[in-house]
Structure formats: structure tokens, C-alpha cells
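Residue numbers (the numbering used here), protein chains in the order written: chain A, 10 to 219; chain B, 172 to 304. Written below as C-alpha cells is the structure these notes are about.
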């Protein structure tokens, strides 16, 4: 545990980006205990059509965060809505953080069009990586799966609207997050879990054993 | 108002006492360059550039005081006063203590040319801004 905590702290430290002026730290908005979300960080471009809620922390010594508004330097590439940013078209645009009429900080954000989806396995709040082969389950097993946009091997940021379908051998259950589902193995047999998002589909073959 | 600022900047251009220095870099493949000699800024559309302002005027040397900004065409570029979580020494016929640094941010909004005006207690300056694709 003593070793795990510093490792965790180091992992989190790499998951937020400093603003260009060094006055803020920007990271995806996550529950502090949702490690799979927290550790994603701003480590890639945002997907065209992707929505990314942000957490913006002021780094000014002795001062708490003020009320900030976001402005996009190029709304044709990146839009802002409250503390969310939305990828509109491929390119790069500065996300400017304003307090009143003064700039607190800014961050250049890349927007890239995805060309495929990836399904990721989650357990115990940790991400277990992309599922690239079929999955075997026993009746009663549960599998937590999230869908992520990709550009080739580059994982992109942002949530899209998703539709999920699965055969009778499995139940596909809402998990409170649009891009995530809880899969429960119900009866022995074969099943295809198909998810559609960002204009692409991805199917995961699942075999349920007795 | 813009005309007044423009005239003020022209009057002050002959006795330029402000030194501007870029403090941020553009993203790879994009431009954000402040030329303090020619008083020009070349910047890509969608890109922001932060820069500091130092004054050397009538015995005072340190961060520019009481800054105000404006732009001739706010559809081409935007300019804002900014904030820096750092101090810089100042001198006014002797050491005058540390003051908060004075920074500005210019944002390229649309391809074209415009002019931004910076006025301070220590003088003013106008910069030609060229927003590239």
C-alpha cells in the first residue's frame, strides 16, 4: 500500500495538462475514485463529435479557483459549452479560460476524426485495456465495457452518443455513463455485443459457458 | 475610442519604452511569433500567444503598470489582459519592490490583418497582427 500510493500519485500527476501560462491544471472531469477516467488524462486529441467535460483547477498560490468561462479561438474546430469542450472538425484551437475580461490561461486542443472504435474492459475502477479478441464468460459473470473512439492506434478523447445491442445470451445494462455498459452472462450460448458510436460499429463476440 | 487609442499609440511610438516578450509557444506546425523590433505579431488562426510587458520609462523599470488593451478589428484577432502567478523586481530611481508581472494574450480568430493597441501608465504601443490560415 505504501508503494501503491506514490505510484498512484505519480500516475495522476501525468494525467493533467498545465495551461500555457502555468496558471491552471486541466483534466477530464471525473469522480476522484474513478481511476479509469482519472488516469485517462488529456493524453490525446479530442474526437470530432466527442464531448469532453473538463475540470479546471487554478494553480495560483493562496487563491482558490475563480468562476471561469471558456472561449474557443476557432469554433469551427472546437466549441465550448459551460466547462465542456466539443470536437467539431479536424484541426487545433486554443481553449481560452477567462475570468471576466481577463485571460487566466489557455490550452491548445487538437481535434481529430476517428476511424474506428475500441472496446475497453473495466474492473474495480481500473481500465484493463482494449478487448481485441472474443471473450468467454460463465453464466452469471459480469463484464464492464466502455467504448472509445480511435484514430488508428491513437486513442481519442470525448464521449459520443452510443447504441448498444446484444443477443439473448447476455444482458446489456445501463451503467449510468453513456459510453459504458454492464454485460451480464445469462444463458449458455454465443452472443454478439455491438456498439455504434461516432458513425462506426464494433462487435465483440462473447461465448457464455454453463 | 479606437481612434483616440490609435492617435495615442502613434504619439507614443516615437518614444517606445515598452519591451514585449513572448512567454508561450504555438502548437507544432502553427505560428505564434512576436517581433518586438518590428512591432508585429504573426499568428495562426485558432492559436493564442501570451507575452509579457516590461517598462523602462522616466526612472521606472519593471512590469508595465495599469495596462489596457483594444483591437481595431475584433473579428480578426482578440487581445486580453492576462495574469501571471509570478513577481518581477521593479525600480523607480531605486529598488521599488516586486510587482506582479504584466501579461497579455492575443488570439488569432480569422485570417486577415488588424492592429492591437496596448496602453499603460508607462507608455503605449501598437502592434500589427497578421493572422495566417
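Ideal Cβ placement from N, Cα and C applies to all residues, glycine included. Fair warning: this is a prediction, and the values are worked out from it, not measured in the lab.
Q: Round the Cβ separation of residue 247 (chain B) and residue 281 (chain B) to the nearest angstrom and send it over; I've been treating them as touching at under 8 Å.
A: Sure, about 5 Å apart at Cβ, within 8 Å.
Q: Examine chain B for any beta-carbon lying closer than 9 Å to the beta-carbon of residue 213 (chain A), and answer yes or no.
A: For residue 213 (chain A), the answer is no, since every Cβ of chain B falls outside 9 Å of its Cβ.
Q: State yes or no: is the beta carbon of residue 181 (chain A) nearer than 9 Å to at least one beta carbon in chain B?
A: no
Q: Over the uninterrupted beta strand (DSSP E) stretch that includes residue 189 (chain A), give me the two end residues.
A: 189-194
Q | Simplified DSSP assignment, three categories, for residue 38 (chain A) | A | coil
Q. Where does residue 114 (chain A) land, buried or exposed, given buried means 16+ other C-beta within 10 angstroms?
A. buried
Q: Note down, in chain order, every chain A residue with its Cβ under 9 Å from the Cβ of residue 274 (chain B).
A: 30 and 112
Q: Reducing DSSP to helix, strand and coil, say where residue 27 (chain A) ends up.
A: strand
Q: Can you give me the Cβ contacts of residue 235 (chain B) inside the same chain, cut-off strictly under 7 Å, excluding the 5 residues immediately before and after it?
A: 189, 224, 225, 226, 273, 291 and 293
Q. Helix or strand or just coil, what does DSSP make of residue 143 (chain A)?
A. coil
Q) From residue 228 (chain B) to residue 260 (chain B), what does the alpha carbon distance come to, in whole angstroms? A) So the alpha carbons of these two residues sit roughly 15 Å apart.
(Q) Please return the same chain residues whose Cβ sits closer than 6 Å to the Cβ of residue 307 (chain B), not counting the five positions on each side in sequence. (A) Chain B is shown only over 172 to 304; residue 307 (chain B) falls outside these bounds and no answer can be derived.
**Q.** Minimum Cβ-Cβ distance from residue 105 (chain A) to chain B less than 9 Å
**A.** Cβ-Cβ to chain B under 9 Å: yes for residue 105 (chain A).
Q.
Please return the same chain residues whose Cβ sits closer than 8 Å to the Cβ of residue 195 (chain A), not counting the five positions on each side in sequence.
A. For residue 195 (chain A), where only same-chain residues beyond five positions count, the Cβ hits under 8 Å are 148, 177, 178, 179, 180 and 217.
Q) So which of A:174, A:153 and A:205 has the shortest CA-CA distance to residue 190 (chain A)? A) The shortest C-alpha separation from residue 190 (chain A) is found at A:153.
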